[in-house]
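For the record, the sequence lines run as chains H and A. Each residue of the first sequence is one higher than the one before, starting from 1 at the first, in the numbering used here. Each residue of the second sequence is one higher than the one before, starting from 1 at the first, in the numbering used here. The beta carbon of each residue, even a glycine, is placed where N, CA and C say it ideally should be. Remember, predicted model here, so these are calculated numbers, not experimental data. See structure below.
Protein chains: 2
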Amino acid sequence: MKLTDAHLEEVARLFGMLAESSRLKLLRALLERPMTVSELIEATGMRQGNVSKHLGTLTLGGFVGREREGNFVRYTITDPTVASLCMLMCSRVETHARQRARQLA
Amino acid sequence: MKLTDAHLEEVARLFGMLAESSRLKLLRALLERPMTVSELIEATGMRQGNVSKHLGTLTLGGFVGREREGNFVRYTITDPTVASLCMLMCSRVETHARQRARQLA
DNA sequence: TATCTATATTACTATATAGTGATATGGCCA
DNA sequence: TGGCCATATCACTATATAGTAATATAGATA
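Okay, here's the thing in structure tokens:
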């Protein structure tokens, strides 16, 4: 697959959206089940404005989708690769930790 | 797999290292073959200090490794998941672009 | 030793964005 | 209609970091 500079710019933007623990917390919660903003505030302990802002970012990136339900808005993971990406990176974390541990030993 | 908050912090840091087109350019070049800093400067058009700085970041993240060869330093991709991560995200880019195109149609 | 080359690091400026409090928007109900 | 609730957005401050020019470091060579 050819990766043009424009591709890399966009790929970087998308990685950037996953490069914030707050947004990862939201995604972790949503991987459990779809949730409203109120539920996400409860699940993450974050403030309302902050949650909305990050959800806006994740929506722009196409990672999640919104659906109104009366006064509430329910967010859902719309991108099946989110879990794969996070799991891949997470297993990296552990591999890397083991490598460092081995170097110290 | 359980993802603790500490995990997410670290995962976010690692995603952040991939969230820069300059660093992705370096990785794209290194996926071709291992290269010295001089070759990477040539391949990317970036300045020397900038290349070294980004290589330092990628090394810290365990994505690449360094090996001295006389005056030169050759960098190599040491993490087999780098390619997968970039490819996954890149195919996302195209999927997302198609979705937006369909919405406009 | 002195010196050259390749790479790393430092100090700096400019830019992006996370988090916050306050405010605005939009749907529901009396 | 008016008022309430959930969510979105605005304006702001504080922090992080990309890129740069200059300087430092380390290995090779004479």
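In terms of residue numbering, what span does the alpha helix (DSSP H) encompassing residue i cover?
i: A/Thr-76; result: Careful: A/Thr-76 lies outside any alpha helix (DSSP H), inside the beta strand (DSSP E) at 72 to 77.
i: A/Glu-10; result: 5 to 17
i: A/Glu-67; result: Segment 64 to 69 is the beta strand (DSSP E) holding A/Glu-67; no alpha helix (DSSP H) there.
i: A/Gly-56; result: 48 to 60
i: H/Glu-42; result: 37 to 44
i: A/Glu-32; result: 21 to 32
Who are the near neighbours of residue i in its chain, counting only those whose CB is closer than 7 Å to its CB and skipping five residues on each side?
i: A/Val-64; result: Leu-30, Leu-55, Leu-58, Tyr-75, Thr-76, Ile-77, Thr-78
i: A/Ser-41; result: For clarity, residue 41 of chain A is Ile in the given sequence; the question names Ser instead. Once the five neighbours on either side are set aside, the close Cβ partners of A/Ile-41 are Gln-48, Val-51.
When the cut-off is 7 Å and only beta carbons count, does residue i lie next to chain A?
i: H/Thr-36; result: no
i: H/Thr-81; result: yes
i: H/Gly-62; result: yes
i: H/Ala-12; result: yes
Report back the beta-carbon spacing between residue i and residue j to the nearest angstrom; my notes put them in contact at under 8 Å.
i: H/Phe-15; j: A/Leu-88; result: Not confirmed; about 10 Å, so no contact.
i: H/Tyr-50; j: H/Ser-22; result: With the sequence shown as reference, residue 50 of chain H is identified as Asn, and Tyr is not the correct amino acid for it. The Cβ separation is near 7 Å, so the contact holds.
i: A/Val-82; j: A/Val-37; result: That belief does not hold up - the Cβ atoms of A/Val-82 and A/Val-37 are roughly 19 Å apart, past 8 Å.
i: A/Val-93; j: H/His-7; result: 6 Å
Taking 7 Å as the CB-CB cut-off, is residue i touching chain H?
i: A/Thr-106; result: Since the first and last residues shown for chain A are 1 and 105, residue 106 of chain A lies out of range.
i: A/Ala-6; result: no
i: A/His-54; result: no
i: A/Gly-65; result: no
i: A/Glu-20; result: yes
i: A/Leu-30; result: no
i: A/Val-51; result: no
Within a Cβ cutoff of 6 Å, which residues of the same chain sit near residue i, ignoring the five residues on either side of it in sequence?
i: H/Pro-34; result: Arg-74, Thr-76
Does the beta-carbon of residue i, which I'm using as the reference point, lie nearer than 6 Å to any heavy atom of the ligand SAH?
i: A/Val-93; result: The model on display carries no ligand, and the ligand SAH is accordingly not part of it.
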